[in-house]
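These notes are about the structure you will find just below.
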Amino acid sequence: MGSMQGQRSYGGVSGDERAARRRRQLLDAGLSIFGSRGYRTATVREVCREAKVADRYFYDEFHGMEELLIAVYTECLDRLEAAVADTLGSSDALSEKVRPGLESFLTVVADDPRLARVVWFEVLGVSPIVEQTYLGRMARFGELLVGASLHPLALPRALEPWVSSALIGGISHVVMTWVAAGLAAPRDDVLDALEIFLDSVAARISPEDT
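Its first residue numbered 24, the sequence shown is counted upward by one per residue in the numbering used here.
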């Protein structure tokens with residue numbers, strides 16, 4: 024998207040650089056609005072005003088508000104996955120991965136409640152396309168958790184997607200409850216509960232089961 028006019032340089036800044044800056048501003052505005060006031064009542068004009076971008080540039084980057092929501096949601100999941108993956112990569116021992124990984128995950132959630140609202144509330148029930156994106160990213164995140172918390176030889180391949188869905192579903196519901204209550208419960212209590220949950224699943228499955 025974009026035009027030849029947008030490729031010209033002004034003040035030493037190329038058209039591509041200006042477009043990238045506008046896109047960044049729109050994404051940041053989307054997170055701010057969707058994560059505070061919600062997606063369903065948001066408008067293009069409101070987003071552009073928050074982003075300090077002229078309305079006409081919105082459609083250079085996005086076909087509509089739903090596409091912006093998907094882009095914002097995708098960035099939020101990227102942040103969560105990166106935080107967990109970085110922690111998981113610091114140790115080869117499963118027993119040393121679970122709690123630090125969960126702690127990194129909850130830290131991102133607690134540090135930016137806007138992200139939590141977008142990830143677990145605003146994307147639900149919007150449209151089939153958004154739902155497909157949500158289910159796909161949750162499945163990917165579940166696979167990351169399975170790889171981190173279960174013995175690599177312990178789980179029959181046919182069960183992997185179902186256990187993955189169960190893990191991410193359970194964790195998501197706990198986080199939704201925590202966020203909906205205003206993060207009032209101590210983070211360590213939530214962390215302990217999730218660790219017990221994952222440890223229980225891991226204890227139920229052993230390499231001898233395969």
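Don't be surprised by glycine CBs; every beta carbon is placed ideally from N, CA and C.
Using the rule of at least 16 other Cβ atoms within 10 Å of the residue's Cβ for burial, across every protein chain shown, is residue i buried or exposed?
i      : result
Gly87  : exposed
Gln28  : Below a pLDDT of 50, predicted positions are generally treated as unreliable, and Gln28, at 46, falls in that range; the measurement from the model is reported next regardless. Label assigned to Gln28: exposed.
Ala106 : buried
Leu50  : buried
Leu190 : buried
Val36  : exposed
Arg160 : buried
Gly192 : exposed
Ala52  : buried
Ala65  : buried
Give the secondary structure of residue i by DSSP, where H, G and I count as helix, E and B as strand, and everything else as coil.
i      : result
Gly29  : The predicted position of Gly29 is uncertain, since its pLDDT is 48 and thus under 50; no value can be drawn from it.
Arg227 : helix
Val36  : strand
Gly87  : coil
Asp109 : helix
Val149 : coil
Thr156 : helix
Pro209 : coil
Met130 : Residue identity differs from the one stated: residue 130 is Thr in this sequence, not Met. Thr130 falls in the helix class under three-state DSSP.
Ser55  : helix
Leu125 : helix
Gly165 : helix
Tyr62  : coil
How is the alpha helix (DSSP H) around residue i delimited, first residue to last?
i      : result
Asp83  : Asp78 to Glu84
Ala139 : Pro136 to Arg140
Gly192 : Glu183 to Ala203
Glu73  : Val67 to Ala74
Whose C-beta lies closer than 8 Å to the C-beta of residue i among residues of the same chain, with five residues either side of it excluded?
i      : result
Leu214 : Arg122, Leu125, Glu126 and Leu129
Tyr157 : Tyr96, Val146 and Leu147
Ser195 : Trp143 and Met161
Sorted by chain position, which residues of the same chain lie with C-beta nearer than 7 Å to residue i's C-beta, five sequence neighbours on each side aside?
i      : result
Arg210 : Leu129 and Ala133
Gln48  : Ala74, Lys75 and Val76
Ser223 : none
Glu197 : Note on residue identity: the sequence assigns Val, not Glu, to residue 197. If we look at Val197 and ignore the five residues flanking it on each side, its Cβ neighbours are Val213, Ala216 and Leu217.
If we call anything under 8 Å between Cβ atoms a contact, is residue i one with residue j?
i      : j      : result
Leu182 : Ala108 : no
Glu89  : Val153 : yes
Ala162 : Ser187 : yes
Leu92  : Val149 : yes
Ile56  : Val67  : no
Leu178 : Ile219 : no
Phe164 : Leu206 : no
Using a Cβ-Cβ cutoff of less than 6 Å, which residues in the same chain neighbour residue i once the five nearest sequence positions on both sides are dropped?
i      : result
Val202 : Ala139
Tyr62  : Leu92 and Glu145
Leu54  : Val95 and Arg137
Thr200 : none
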